[in-house]
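K.L.:
So for the sequence shown, UniProt numbering puts the first residue at 1; every next one is plus one. Positions of the beta carbon are idealized from the N, C-alpha and C atoms, including for glycine.
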Amino acid sequence: DVYFWEAKGQNPVFPRILGHEAGGVVESVGEGVTNLQPGDHVLPVFTGECKECAHCKSEESNMCDLLRINTDRGVMIHDEKSRFSINGKPIFHFVGTSTFSEYTVVHVGCLAKINPEAPLDKVCVLSCGISTGLGATLNVAKPKKGSSVAVFGLGAVGLAAAEGARIAGASRIIGVDLNANRFELAKKFGVTEFVNPKDYKKPVQEVIADMTNGGVDKSVECTGHVGAMISAFECAFM
């Protein structure tokens with residue numbers, strides 16, 4: 001959200017309501033909506049699914065033809081108008097969710113219904129960060145039981161990635177982070193070993209290669225930093 005607020009390298013669409021991760025309760029539904037009703041607890045999802053196009057039906061992708069992420073679109077799809085305004089002037093939407101608001105308006109395909117007993121202040125992170133990390137490990141990296149996995153970055157996304165490796169049965173889960181204070185918590189998510197790049201004079205990928213007799217079976221990069229991406233790629237046999 002900060003990246004798009006600063007409009008680095010993007011077409012600025014302002015004013016707009018940012019936010020892409022949240023939990024909420026359906027206040028009302030529009031014409032034609034049959035699978036949700038007022039009172040339902042939901043998670044907004046910025047990679048929505050129409051459930052009808054070839055990509056939605058594919059086992060290989062969920063990049064919906066209609067609702068795939070589009071950071072330049074600031075309006076609703078069917079009528080190309082915004083649902084937000086101030087003093088008669090439109091305020092634009094953001095990635096179909098605009099969650100930095102007490103109320104928002106989204107396409108039904110950008111909502112996932114959840115158990116109403118789940119606390120919204122906890123499960124809200126499932127709408128982006130946790131599903132991103134867990135999905136990257138389980139659905140993309142797909143580590144085998146007994147394998148080794150390196151996770152770069154132990155924030156919320158990285159912890160979810162580590163949990164995915166634990167669920168998959170990885171025997172060694174190496175957490176990499178510049179903040180050693182994160183290591184203790186990461187143990188609860190399956191991380192078995194830790195590497196702080198600041199503790200070594202050589203590149204972290206070489207450190208991991210030495211630890212694992214040549215490299216890990218899989219690596220998951222969760223920082224978005226180009227240098228970390230290179231290290232994650234070079235430390236693995238993938």
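If you compare alpha carbons, which of Gly39, Ala136 and Cys110 is closest to residue 275?
P.N.:
Look at the range of the chain in this structure, 1 to 238, and you will see that residue 275 is not part of it.
K.L.:
Could you compute how far the alpha carbon of aspartate 199 sits from the alpha carbon of alanine 228?
P.N.:
Position 199 of the sequence shown, counted from the first residue, corresponds to residue 199. Position 228 of the sequence shown, counted from the first residue, corresponds to residue 228. Taking the straight line from one Cα to the other gives about 16 Å.
K.L.:
Quick one: complete beta strand (DSSP E) runs, 3+ long, within the UniProt domain "Alcohol dehydrogenase-like N-terminal" (6-114)?
P.N.:
If we require 3 residues or more, the beta strand (DSSP E) runs fully inside the UniProt domain "Alcohol dehydrogenase-like N-terminal" (6-114) come out as 41-44, 84-86, 89-91 and 111-113.
K.L.:
Quick one: which unbroken alpha helix (DSSP H) runs of 4-plus residues sit fully inside the UniProt domain "Alcohol dehydrogenase-like C-terminal" (156-235)? Chain order, please.
P.N.:
DSSP runs (the alpha helix (DSSP H)) wholly in the UniProt domain "Alcohol dehydrogenase-like C-terminal" (156-235): 156-168, 183-187, 204-211 and 226-234.
K.L.:
On the three-pair Cβ rule with 8 Å, is the region 31-39 touching the region 72-89?
P.N.:
Judged by Cβ distances under 8 Å, the region 31-39 makes no contact with the region 72-89, as fewer than three pairs qualify.
K.L.:
Taking just the CA atoms, how far does valine 42 sit from glycine 129?
P.N.:
As a working note, residue 129 is residue 129 in the sequence shown. As a working note, residue 42 is residue 42 in the sequence shown. Looking at the two C-alpha atoms, the distance is approximately 16 Å.
K.L.:
Go through the region 118-155 residue by residue and report every complete run of the alpha helix (DSSP H) that reaches 4 residues or more, in order.
P.N.:
Counting whole runs of 4 or more residues, the region 118-155 contains the alpha helix (DSSP H) stretches 120-123 and 129-135.
K.L.:
Do proline 44 and valine 105 have their C-beta atoms within less than 8 Å of each other?
P.N.:
Within the sequence shown, residue 44 is the residue found at index 44, counting from 1. Within the sequence shown, residue 105 is the residue found at index 105, counting from 1. In this structure, valine 105 does not lie closer than 8 Å to proline 44 by Cβ.
K.L.:
Among the residues of its own chain, which have a CB less than 7 Å from the CB of threonine 223, if the five just before and after it don't count?
P.N.:
On the sequence shown, residue 223 is found 223 positions in, with the first residue counted as 1. Around threonine 223: Phe152 and Gly153.
K.L.:
Taking buried to mean at least 16 other C-beta atoms within 10 Å of its own C-beta, is glycine 88 buried or exposed?
P.N.:
Here residue 88 refers to the residue found at position 88 of the sequence shown. Looking at its Cβ environment, which holds fewer than 16 other Cβ atoms inside 10 Å, glycine 88 is exposed.
K.L.:
According to DSSP, is phenylalanine 4 helix, strand or coil?
P.N.:
Within the sequence shown, the letter at position 4 stands for residue 4. It is helical.
K.L.:
Measuring CB atoms only, is the region 208-215 touching the region 153-167, in the sense that at least three cross pairs come out at less than 8 Å?
P.N.:
The region 208-215 vs the region 153-167: no contact.
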